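**Q** Below you'll find the structure I mean.
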Amino acid sequence: MKSIIGLGVALAAALSFGGGSPADAQRPASAPHDDGQWTMPGKDYASTRFSGLAQITAGNAKRLHPVWSFSTGVLGGHEGQPLVVGNTMYVVTPYPNVVYAFDLTKEGYPLRWKYRPSVNGAAIGIACCDVVNRGAFYANGRLFYNLLDGHTVALDAATGKEIWKTKVADLNRGETTPMAPLVVKDRVIVGTSGGEFGVRGWVKGLDVRTGNLVWTGYSTGPDAEVLAKPGTFQPYYEKGTELAQKSWPGDTWKNGGAPVWGWMSYDAELDLIYYGTGNPAPWNTEQRPGENRWATSVMARRPLDGALRWAYQFTPADNWDFDSTQEMILVDLTVKGKPRKALVHFDKNGFVYTMDRATGELLLAEPYVQVNWARRIDLETGKPDVDSSKTTGASKGTVKDICPTLEGGKNQQPAAFSPITRLFYVSTSNMCMDYSVANVSYIAGTPYLGATTPYKAGPGGNLGAFIAYDAARGKKVWEIKEPYPVWSGALATGGDVVFYGTLDGWFKAADARSGKVLYKFKVGSGVIGNPISFKGPDGKQYIALYAGFGGDWGLLSGDVRSDDPDDVRPPASFMPDIARHTSQGGIVWIFGL
Amino acid sequence: MDIRVVVASRESRVARTMAATLALHIMFAGMMPAQQRSAPPSVSYDNHVDAGGMAPPAGTLENPLKGDKQAAEDGAKLFSSFNCDGCHGGGAVGSEGPSLADGRWKYGGTDGEIYHSIFYGRPRGMPAWGGTLPPDAIWRLVSYLESQQPKRDTLSTTSW
C-alpha cells in the first residue's frame, strides 16, 4: 500500500453525501436529516442506502416484528427495492414487471392502483440470469422504470397512468433491461444488459418529459460513439484517442459486451453520473486479445449530453467474468490529510476501490474477500498485478481454484454506508471456482459464452458473509458468516442498526458497531432484494424488503423451483441443500417495532 | 440470406474448435438455401386436449438417425457450437433455459415434437433454428437430446 488514508475525525463528523445539498455537508453526522421517504433505488444520488431514521435502535430491535406482507404473485427473483413517496409505497415485480402502488394511510395498505404492462415473453430467454428488475425511480410526480423487454416507461405516480413508453433495447441483439433508471435534471438514463449475449453495451439519455432519445453513449468503439470528446474526456491513467476501439482486435468491439445493468450515482456539484460496465464478450479472452476498454470499468459522464469525463478500468482484459456494474458510493473522505471527493466501489473482482471521483485517480485498492487472481493493484499505474497461473483462455484448459468466482466477492447486491459509524456494510460471497472456456461463435440472440465454471466454498467453508468494512483503512471490522452467498443489499440506519436478508430466507437486523444479530425472521423465500427504511403516516419507522429467491441462484440451484413440472433439476453441487430452506415466490414485507 | 456466406465470414473471424469444424462439415453436407427447404408437417401433441370430432390434420416425423451413436455425438458438438449450452447448460441439465435431460418436455418429447421446437423455436426465448440449421443437423441435435434422457424408472421426482 502506497499511502495511508485516514478519515479525519473532524471532517468525518461533517461527512457529506455527494450530490446532497450544501446544507447536508455541514450537518453533524450524529443527527442526519431524513424526510422518511425512499424515492430512488440507492436512497440518495450518492447511493449510500443510509436512512437517518433512528427509532429502531440496537436496544429495541429485538421487538421488531412483521406488520404487513403482500404476495406479488410473481415467482421470478425479486431484486431491487420498494420506493416510499409521501404515503404511497411502490413495488415493481420481476417479469412481467407489474407495478403496485400501496396506500399506506389505510389499514392493510390496499392498492391505489396497479399497472400491468404488455411485455414480450421472449425476453425471458434473452435475460441471462433470471427475469429480475432492479426497481423504479421517482421524480417530480412520475415513476420511471424499465420493462425486461427493452422498454422504458414513465407513469403518473398518483394514478398509474402511462405517460410515455420508449423502446430502448433490442431483444434480437441480446439486449434486455432489468436495471433501474437514474433520473437527473431533464434526463432519464438507462443501460442495457447482455454481456453473455455479445451486445455492444450502452447507456441512453432520454428526455424526461417525452421519453425521446437524446443521446447514446457506447461502452466500446470509436470515440465519437463512446462520447469521448476532445477536451472533455480526461482519464487519469490512459491517454490518447480511440482507446475503446484500439484496445480490441479488429471489429470485436462490436460484440464486445460491456453492458450496463447495475446501479448509477450522481454528483450534483461535479454534474457527473457514475456507473460500472460489465464483462467483455465472449468469456474466452483469447478471442479478444487487448485490454477491452471500457468493459469492466467505471464511467463518469455528464447527464445532459452523455459526454464522457473520465473512465477507469478495474480488470483489463478480463479473464474471469468480473463485471464492474456494482454501485459507486459517493462519500467525502480525508485522504493523506487532504479532503477528497471519493468514490468507493466493491468490485466483483474482490477488491474495493477508493477513487477521486472528480479525476478518476485511484487512491486505495484492497481485497475485501479472498482474492488470488491478482496480488495487488498498483496505485501508480492503476493496473492489477495479475497472477499468470490464474489467467484463463480456450488454450489453457481448466484453470483451478480462482478466487473469487464469477459471482464476485460481491455482485448486484448494493452496499450501504453509514456516516455515523463511517463503515460500509457489504453482502459478500466466499467462493472459488475452476474455469474453462471454449471458442464460441457469435450468433445473434444466443449466448456468447462457452464456459464451464464449477464453484466451491472459499476458506472457512461458509459460502457468504455480511461484513462491515472500513474503506479508509482497507480493513474488515466485523463479519457475520452465512452458510450461503449473501445476495441481498444492505441498509444502514440512524439508529445504528443495519439490515440484510439471506439466500435461505432470513431477514436480519444487526448492531452496526458490533455485528451482533439483534433480530431475525424467516420471510418465506430467499432474499435477493434490498431492504429500505421509511416513516409511515403514523410517524413510526418501518423496514420494507422483498423475499423472492432467484437471480443467478435461480439458474444454479434449479431444484429450488416448484412451478414447472417439465423442468426438474439436480441440486447444485456447491450448495446441495438450499432447497431444504427456500422455494420461489415474491412477498413484500414490512417490519416495525 | 445465403447461409454459406454467413458461416464463411464467421469462419474467418473466429478460430474454430474441432467441434465447430465438425459442425460446419455437417452443415455443408446437408445444406440448401432456406427458401428451398419445406417446413416440417404440423405434429399433434399427446398433451393437447381433444374436443372430439375429426382430429385436425397432423403428420408425424421420425428421426432418421434414431439410435445412431455417432449422430448423438455429433449432436453434442452442435449443442455446444451453436450456443445451445449457453441457455440449457452443459449436458443440457438446465440453466437460464429449462433442463432437456430430465425426461420431461413442455412441448413434447417425441422425435417430431423436439424437431419442431428446434425448427420453429418456442415462446419465452427459444430461437427458431429452421432458417439456419439443415434438417440433418437438427436430427443430430434430437439424437443427442434423446441420448441424454434418463430411464423412466429413474425419473427425478424428489430432491429432498
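Just so you know, the sequences run in chain order A and B.
The first sequence begins at 42 in this note's numbering and counts up one residue at a time.
The second sequence begins at 1401 in this note's numbering and counts up one residue at a time.
Every residue gets a Cβ at the ideal spot worked out from N, C-alpha and C, and that includes glycine.
A quick note: this is a predicted structure, and the numbers were derived from the prediction, not measured.
1) Helix, strand or coil for T293 of chain A, going by three-state DSSP, please let me know.
2) So which residues of chain A does V1493 of chain B contact, with C-beta pairs closer than 9 Å?
3) Quick check: is the beta carbon of D1502 of chain B nearer than 8 Å to any beta carbon in chain D?
4) Give me whichever residues DSSP pairs with D608 of chain A in a beta bridge.
5) Measuring only from the beta carbon, is D604 of chain A closer than 7 Å to any heavy atom that is part of the ligand HEM?
6) Would H1488 of chain B be called buried (16 or more neighbouring beta carbons within 10 Å of its own) or exposed?
7) Name the one or two DSSP bridge partners that M1526 of chain B has.
8) Pick helix, strand or coil for I569 of chain A, following the three-state DSSP scheme.
9) At a CB-CB cut-off below 8 Å, which residues of chain A make contact with R1540 of chain B?
10) If we define contact as Cβ-Cβ less than 8 Å, is S1481 of chain B a contact residue for chain A?
11) Okay, do the stretch 394-411 of chain A and the stretch 443-451 of chain A touch, 3+ Cβ pairs below 8 Å being the bar?
12) In three-state DSSP terms, what is I721 of chain A?
13) So Y489 of chain A is in the beta strand (DSSP E); what residue range does that whole segment cover?
14) Give the DSSP-derived three-state secondary structure of Y277 of chain A in the structure shown.
15) For A512 of chain A, which residues of its own chain have a beta-carbon under 7 Å away from its beta-carbon, when the five flanking residues on both sides are left out?
16) Suppose the cutoff is 7 Å on Cβ atoms and the five residues either side in sequence are ignored; what does the same chain contact list for V225 of chain A look like?
17) State the DSSP-derived secondary structure class of L597 of chain A, mapped to helix, strand or coil.
18) Please name the residues in the stretch 146-177 of chain A whose beta-carbon is closer than 8 Å to at least one beta-carbon of chain B, in chain order.
19) What's the C-alpha gap between R1540 of chain B and K1477 of chain B?
20) Beta-carbon of P495 of chain A versus every beta-carbon of chain B: anything under 8 Å?
21) Taking Cβ-Cβ distances below 7 Å as the criterion, which residues of the stretch 1523-1548 of chain B are in contact with chain A?
22) Between A:E266, A:L196 and A:G242, which has its C-alpha nearest P300 of chain A's C-alpha?
23) Under the rule that 16 or more other beta-carbon atoms within 10 Å means buried, what is V1449 of chain B, buried or exposed?
24) Leaving out the 5 sequence neighbours to the left and right, which residues in its chain are closer than 6 Å to S1442 of chain B when beta-carbon positions are compared?
25) Would N155 of chain A be called buried (16 or more neighbouring beta carbons within 10 Å of its own) or exposed?
26) Could you tell me which chain B residues have their CB closer than 9 Å to the CB of T366 of chain A, listed as they occur along the chain?
27) Identify whether S470 of chain A lies in helix, strand or coil by the three-state DSSP scheme.
28) Counting only Cβ pairs nearer than 7 Å, list the residues of chain B close to G486 of chain A.
29) Quick check for students: name the residue ranges of the beta strand (DSSP E) that lie wholly in the stretch 168-214 of chain A, counting only runs of 3 or more.
30) Where does R250 of chain A land, buried or exposed, given buried means 16+ other C-beta within 10 angstroms?
31) For H119 of chain A, does the count of other Cβ atoms within 10 angstroms reach 16, so buried, or fall short, so exposed?
32) Tell me which residue opens and which closes the beta strand (DSSP E) that R1540 of chain B is part of.
33) Compute the distance between the beta-carbons of V160 of chain A and P137 of chain A, then report whether it is under 8 Å.
34) So, are the CB atoms of D475 of chain A and V427 of chain A less than 8 Å apart?
35) Going by DSSP, name the residue or residues bridged to D362 of chain A.
36) One question on the structure: do W324 of chain A and E368 of chain A come within less than 8 Å of each other, judged by their Cβ atoms?
**A** Well, looking at it:
1) Look at T293 of chain A here: in three-state DSSP terms it is helix.
2) Near V1493 of chain B (Cβ distances below 9 Å), the residues of chain A are G599, R610 and P611.
3) The structure shown has no chain D; the protein chains it does contain are A and B.
4) According to the DSSP secondary-structure assignment, D608 of chain A is paired through a beta bridge with no residue.
5) You won't find the ligand HEM in this model; it holds no ligand whatsoever.
6) Classification for H1488 of chain B: buried.
7) DSSP, once it has assigned bridges, lists B:R1522 as partnering M1526 of chain B.
8) If DSSP states are grouped into helix, strand and coil, I569 of chain A belongs with coil.
9) Residues of chain A passing the Cβ test: none, with the nearest at roughly 17 Å.
10) It does: the Cβ of S1481 of chain B has a partner Cβ on chain A nearer than 8 Å.
11) These segments touch.
12) Missing from the structure shown is residue 721 of chain A; chain A here goes from 42 to 634 and no further.
13) Secondary structure note for Y489 of chain A: it is in no beta strand (DSSP E), with a DSSP letter that is neither H nor E.
14) Of the three classes helix, strand and coil, the one that applies to Y277 of chain A here is coil, per DSSP.
15) In its chain, beyond the 5 residues on either side, V385, V393, T395 and F465 have a beta carbon closer than 7 Å to the beta carbon of A512 of chain A.
16) The residues are Y307, I314 and P344.
17) In this structure, L597 of chain A counts as helix in the three-state DSSP scheme.
18) Those residues of the stretch 146-177 of chain A that come within reach of chain B (Cβ to Cβ, closer than 8 Å) are G162, A163, A164, I165, G166, I167, A168, C169, C170 and D171.
19) Answer to the nearest angstrom: the Cα atoms are 10 Å apart.
20) P495 of chain A does not count as touching chain B.
21) Correct list: P1523, R1524, G1525, M1526 and P1527.
22) Taking only the C-alpha atoms, the option nearest P300 of chain A is A:G242.
23) With fewer than 16 Cβ atoms within 10 Å of its Cβ, V1449 of chain B is classed as exposed.
24) By the criterion of a C-beta distance shorter than 6 Å, S1442 of chain B is surrounded in its chain by A1458, once the five residues flanking it on both sides are discounted.
25) First, the amino acid is wrong: residue 155 of chain A is Lys here, not Asn. So K155 of chain A counts as exposed.
26) Chain B residues near T366 of chain A: none, gap ~18 Å exceeds 9 Å.
27) Here S470 of chain A sits in strand by DSSP.
28) Residues of chain B passing the Cβ test: P1527.
29) Runs found: 178-180, 183-188, 192-197 and 203-208.
30) Result: exposed.
31) Buried, by the Cβ-count rule.
32) For R1540 of chain B, there is no enclosing beta strand (DSSP E); the enclosing alpha helix (DSSP H) covers residues P1535 to S1547.
33) The answer is yes: Cβ separation under 8 Å.
34) Going by C-beta atoms, D475 of chain A is not nearer than 8 Å to V427 of chain A.
35) The partner list for D362 of chain A (beta bridge, DSSP) is empty, contrary to what the question assumes.
36) For the pair W324 of chain A and E368 of chain A, the CB atoms are not nearer than the 8 Å cut-off.
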